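Numbering (full-length UniProt numbering), first residue to last: 1 to 178. I have placed the structure first, in the form of C-alpha cells, so that the comments after it can refer back to it.
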C-alpha cells in the first residue's frame, strides 16, 4: 500500500459522513457531495476518520491497487470542498473587456462584435467583484475549474496586444527579437 493511503483521513466535527451501498455522502457547512466508491475498496468510518483498504488484502500485485491513492485524494478533496469550498478568480485583461451577471447567465464583452453569454450551472456560484474580475466558487474543485476553463476559452490570448483572460494559465509571453 502506498504510504499516503495507509494514513486515515481525518475530518472535523462539522462534517458528517455516511457510507451505504458503495456511496459515500459527505455533508458540511457549504453543502453535500456524493462519491461513488468502487466495490474493490473497503471503507471504514470511525468517529472522525475514514480508513481505506483493498478487498482481499493490500497486495501490490492487485491491478486495482493504484486506485487506492486516487480515491483517497478524491475523498480529501470532497471534505475540503464541503468545509471551505474552492474558488477561482479570473481577471479580464484587455481594452473594453467587461463582465456582468444577468439572472443565471454570465455576460462577457471580450472585444468581439457581440456579447458572449454563458449559462451558470446551479452547483456553481459566480460573482463579479469588478467588471474585470470574476469569482467562481463551488464545492467540487473539478467542476469549478472546468467552468473557469470554459469561460477562459472564449478568448484566446493575444500576445502583442495583451488581451486575455488570466487566472488559470500564466501570461503568454511575446516572442523574442531575432
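Virtual Cβ for every residue (Gly too), placed ideally from N, Cα, C. As the structure is a computational prediction, the values presented were derived from the model and not from experiment.
**Q.** Boundaries of the alpha helix (DSSP H) in which residue 149 is found, first to last residue
**A.** Here the alpha helix (DSSP H) through residue 149 covers 141 to 152.
Q. Using 8 Å as the Cβ pair cut-off and three pairs as the minimum, do the segment 70 to 82 and the segment 29 to 39 touch?
A. By the criterion of at least three beta-carbon pairs nearer than 8 Å, the segment 70 to 82 is in contact with the segment 29 to 39.
Q: Could you check what DSSP says for residue 33 in three-state terms: helix, strand or coil?
A: Three-state result, residue 33: strand.
Q. Within this structure, are the beta carbons of residue 134 and residue 30 separated by less than 8 Å?
A. Taking the C-beta atoms as reference points, residue 30 is found no nearer than 8 Å to residue 134.
Q: Measure the alpha-carbon distance for residue 150 versus residue 116 and round it to whole angstroms.
A: If I take the Cα positions, the gap works out to 12 Å.
Q: Label residue 4 either buried or exposed according to how many other C-beta atoms from any shown protein chain fall within 10 Å of its C-beta, with 16 as the threshold for buried.
A: The residue is exposed, with fewer than 16 neighbouring Cβ atoms inside 10 Å.
Q) Where does the unbroken beta strand (DSSP E) through residue 129 begin, and where does it stop? A) Run containing residue 129: 125 to 130, per the beta strand (DSSP E) assignment.
**Q.** Separation of residue 165 from residue 156, as counted between CA atoms
**A.** The straight-line gap separating the alpha-carbon atoms of residue 156 and residue 165 is approximately 8 Å.
(Q) Counting C-beta neighbours from all protein chains within 10 Å, is the total for residue 101 16 or more, i.e. buried, or is it exposed? (A) By the neighbour-count definition (other C-beta atoms within 10 Å, threshold 16), residue 101 is an exposed residue.
Q. Buried or exposed: which applies to residue 136, given that a residue is buried once 16 or more other Cβ atoms fall within 10 Å of its Cβ?
A. Result: buried.
Q) Under three-state DSSP, which class holds residue 4? A) Residue 4: helix per DSSP, three-state reduction.
Q. Would you call the segment 40 to 56 and the segment 4 to 22 in contact, with 3 or more CB pairs under 8 Å?
A. At 8 Å Cβ cutoff, the stretches touch.
Q: Select from 40, 108, 53, 152 the residue whose C-alpha is nearest the C-alpha of residue 97.
A: The residue from 40, 108, 53, 152 with its alpha-carbon nearest to that of residue 97 is 108.
(Q) Tell me the rounded alpha-carbon separation between residue 123 and residue 27. (A) Here the C-alpha atom of residue 123 lies approximately 15 Å from the C-alpha atom of residue 27.
Q.
Run through the DSSP bridge pairs and tell me what residue 42 is partnered with.
A. According to DSSP, which records beta bridges pairwise, residue 42 is partnered with 53.
Q. Given that a residue counts as buried once 16 or more other Cβ atoms are within 10 Å of its Cβ, and exposed if not, what is residue 129?
A. Exposed: under 16 other Cβ atoms inside 10 Å.
Q) residue 82 and residue 15 look like a contact to me (Cβ under 8 Å); what is the Cβ gap, rounded to whole Å? A) The Cβ separation is near 7 Å, so the contact holds.
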